[in-house]
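Peer 1: Mind having a look at this structure? Questions to follow.
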């Protein structure tokens with residue numbers, strides 16, 4: 001079920017769509033020197049939103065421009081709050097994206113328990129409200145998932161991958177022993193659990209396991225570092241949002257790979273792109289956590 005050689009076809013198929021976002025916005029919203037840059041970006045965002053709303057699968061085939069996050073009314077209509085808009089430093093400023101992440105987390109914090117495969121008795125698991133027993137259950141689930149991952153994927157793993165697995169389990173045990181309450185740890189556990197499950201699924205189905213494992217372990221390494229190093233309040237919120245968003249993408253892809261879907265290639269690479277861009281966000285937050293700066 002490999003995807004080798006599929007990406008070029010995907011791009012060609014997308015460019016042949018009868019009425020793509022790019023074509024429509026070029027003809028309808030071509031920049032005019034008299035139009036301010038901000039106004040032009042809103043017009044482009046409006047064009048994207050219109051195309052997404054008219055598409056049979058919503059925004060499923062059209063990646064949103066990063067500056068869509070600046071226009072919350074259009075964001076609500078065309079993309080929503082279920083999936084992250086991929087970060088692009090050429091389109092939005094870092095502080096603008098972190099502001100978007102804060103709202104994204106507020107919209108999605110209630111989903112962390114399900115992402116950890118744990119029940120939370122209906123309580124919100126987020127900033128300052130993660131119950132000790134829930135966090136310990138998530139840590140236990142993490143250790144169990146890591147053991148399955150190591151057994152299932154061993155032949156594909158590097159020495160660094162195996163070492164990372166051991167570090168994750170060590171930190172999960174420390175969480176259990178210390179009975180700490182940490183919202184960042186909760187989201188981090190959700191992230192590493194879902195990425196481990198995705199790697200197991202990719203190996204099981206022989207679906208680009210090497211590519212998946214490389215990106216997944218980049219994400220898991222960043223998540224572990226963010227769990228180990230606390231940041232400022234704004235940094236923590238951004239980290240929470242990014243880890244929740246990427247965990248949801250891993251779950252989405254894991255479910256997708258278990259289905260028969262005629263748009264598999266499109267959705268696979270769309271998902272990969274969101275996770276890759278969010279991995280960059282995690283790496284940027286790692287640097288901020290290390291230096292203690294908000295990075296505005």
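Residue numbers (full-length UniProt numbering): 1 to 296. For glycine and all other residues, C-beta sits at the position ideal for the given N, C-alpha and C.
1. Verify the CB distance criterion: does residue 248 have a CB-CB separation below 8 Å to chain D?
2. Distance check for residue 86 and residue 165, CA to CA, integer angstroms please.
3. Go ahead and pull the three-state DSSP assignment for residue 86.
4. Please look up how many angstroms separate the CB atoms of residue 243 and residue 172, rounded, as I've assumed it's under 8 Å.
5. Please classify residue 284: is it buried, with 16 or more other beta-carbons within 10 angstroms of its beta-carbon, or exposed?
6. In terms of residues, what are the limits of the alpha helix (DSSP H) holding residue 78?
7. Compute the Euclidean distance between the alpha carbons of residue 48 and residue 227, then round it to the nearest angstrom.
8. Rounded C-beta distance between residue 274 and residue 84? I'm assuming under 8 Å.
9. Exposed or buried, what is residue 216 when buried is set at 16 or more other beta-carbons lying within 10 Å of its beta-carbon?
10. In this structure, does DSSP put residue 229 in helix, strand or coil?
11. Going by beta carbon distance, what residues of the same chain come within less than 8 Å of residue 111, once the five residues before and after it are set aside?
12. At what residues does the alpha helix (DSSP H) containing residue 96 begin and finish?
13. With DSSP run on the structure shown, which of helix, strand or coil describes residue 205?
14. If you run the structure through DSSP and keep just helix, strand and coil, what is residue 117?
15. Does residue 62 come out as helix, strand or coil in the three-state DSSP assignment?
16. In angstroms, rounded to a whole number, what distance separates the CA positions of residue 142 and residue 39?
17. Does DSSP put residue 213 in a helix, in a strand, or in coil?
18. Whole-angstrom Cβ separation of residue 241 and residue 102, contact assumed at under 8 Å?
19. Hey, quick one: how far does the alpha helix (DSSP H) through residue 169 stretch, first residue to last?
20. Expressed to the nearest angstrom, what Euclidean distance is found between the alpha-carbon atoms of residue 75 and residue 63?
21. Taking 8 Å as the cut-off, decide whether the C-beta atoms of residue 196 and residue 146 are in contact.
22. What are the start and end residues of the alpha helix (DSSP H) that includes residue 273?
23. Apart from the five residues on each side of it in sequence, which residues of its chain come closer than 6 Å, Cβ to Cβ, to residue 6?
24. Spatial neighbours of residue 167 within its chain, please: CB distance less than 7 Å, with the 5 preceding and 5 following residues excluded, ordered by chain position.
25. Roughly how many angstroms separate the alpha carbons of residue 98 and residue 288, rounded to a whole number?
26. Ignore the nearest five residues each way along the sequence and tell me which others in residue 198's own chain have a CB closer than 7 Å to its CB.
27. Could you check what DSSP says for residue 48 in three-state terms: helix, strand or coil?
28. Taking residue 183 as the reference, which of 209, 139 and 158 has the closest Cα?
29. Looking at C-alpha atoms only, which residue of 267, 272 and 222 is the closest neighbour of residue 281?
30. Pick out whichever of 54, 91 and 55 has its Cα sitting closest to the Cα of residue 41.
31. In angstroms, rounded to a whole number, what distance separates the CA positions of residue 185 and residue 202?
32. Alpha carbons only, please: which of 77, 115 and 80 is nearest the one belonging to residue 194?
Peer 2: Let me spell this out:
1. No chain D is present in this structure, which holds just one protein chain.
2. When rounded, the distance between both Cα atoms is 27 Å.
3. Note: residue 86 maps to coil in three-state DSSP.
4. Beta-carbon to beta-carbon, residue 243 and residue 172 are separated by about 15 Å, too far to satisfy the 8 Å threshold.
5. Buried, by the Cβ-count rule.
6. Its alpha helix (DSSP H) spans residues 72-78.
7. The alpha-carbon atoms of residue 48 and residue 227 are separated by roughly 36 Å.
8. Confirmed, Cβ separation roughly 6 Å.
9. Residue 216 comes out buried.
10. Residue state, collapsed to three classes: coil.
11. Take residue 111, set aside five residues on each side of it, and the residues of its chain with a beta-carbon closer than 8 Å to its own are 244 and 248, in chain order.
12. Per DSSP, residue 96 is one residue of the alpha helix (DSSP H) stretching across 94-108.
13. Of the three classes helix, strand and coil, the one that applies to residue 205 here is coil, per DSSP.
14. Coil at residue 117, not helix or strand.
15. Residue 62: coil per DSSP, three-state reduction.
16. Their Cα atoms are separated by approximately 47 Å.
17. Collapsing the DSSP output to three states places residue 213 in a helix.
18. By a beta-carbon distance limit of 8 Å, residue 241 contacts residue 102. Their separation comes to about 7 Å.
19. Residue 169 -> alpha helix (DSSP H) spans 159-178.
20. One Cα belongs to residue 75, the other to residue 63, and the distance between them is close to 12 Å.
21. Yes. Within cutoff.
22. For residue 273, the enclosing alpha helix (DSSP H) has its first and last residue at 264-291.
23. Because residue 6 carries a pLDDT of 41, less than 50, the predicted location of this residue cannot be relied on, and the following value inherits that uncertainty. Once the five neighbours on either side are set aside, the close Cβ partners of residue 6 are 265.
24. Here the set comprises 224.
25. A straight-line Cα-Cα distance of about 12 Å links residue 98 and residue 288.
26. Annotation for residue 198: 212, 216, 250, 253 and 254 place their beta carbon closer than 7 Å to its own, counting only its chain and skipping 5 residues before and after.
27. Note: residue 48 maps to helix in three-state DSSP.
28. Nearest C-alpha to residue 183: 139.
29. Ranking the options by Cα distance to residue 281, first place goes to 222.
30. When each option's Cα is compared against that of residue 41, the closest is 91.
31. Looking at the backbone, the Cα of residue 185 and that of residue 202 are separated by about 26 Å.
32. Checking every option, the nearest Cα to that of residue 194 belongs to 115.
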